[in-house]
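Each remark here refers to the structure printed beneath this line.
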Amino acid sequence: MKIEIWHLNILFDEILKYAYYSILNSTINSSINGVAMDIITANQLKTKGVTVIESKLADKKEVIITVRGKEKYVIMDMQQYNYLRECELDAALHETRADYRIGRYVTESVEDHIKRITK
986 MKIEIWHLNI LFDEILKYAY YSILNSTINS SINGVAMDII TANQLKTKGV
1036 TVIESKLADK KEVIITVRGK EKYVIMDMQQ YNYLRECELD AALHETRADY
1086 RIGRYVTESV EDHIKRITK
């Protein structure tokens, strides 16, 4: 059985997006449901620098940066970032294997694939 790499790459991209948004949604929900993230204002960051980030990340996994009172950025340490990336990749691999098991893929030539996706 021949599986075109092009199709799996597109599928993989979609799975990564789904996993990313699932993890992001989970992070947001955990913040809303009582596991609140610390907040640093842009002004605090400007005046205290990395010190304020390090102190906030000492007991939290993520820190929100606000700009003009609105949540704008999330900061996390590399260990947390790498963990989230691993989760994304594990979810993508799991879903890709499931799709393969149930036959949800396309076998086609490169030319046919290009025609199909550029319609």
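Sequential numbering from 986 applies to the sequence shown in the working numbering. Ideal placement from N, C-alpha and C gives every residue a C-beta, glycine not left out.
Limits of the alpha helix (DSSP H) - the one that residue i falls within
i, result
"residue 1055", "Not the alpha helix (DSSP H): residue 1055 falls in the beta strand (DSSP E), residues 1055-1061."
"residue 1097", "1095-1102"
"residue 1027", "1027-1033"
Local Cβ density within 10 Å of residue i, reported as buried at 16 or more and exposed below that
i, result
"residue 1017", "Low confidence applies to residue 1017: its pLDDT is 47, below 50, so where it sits in the model is not reliable, and the reading given next is rough at best. It is exposed - the Cβ of residue 1017 has fewer than 16 other Cβ atoms within 10 Å."
"residue 1028", "exposed"
"residue 1077", "buried"
"residue 1073", "buried"
"residue 1038", "buried"
Three-state secondary structure (DSSP) of residue i
i, result
"residue 1081", "helix"
"residue 1091", "coil"
Test item: CB-CB of residue i and residue j under 8 Å
i, j, result
"residue 1023", "residue 1048", "yes"
"residue 1062", "residue 1042", "yes"
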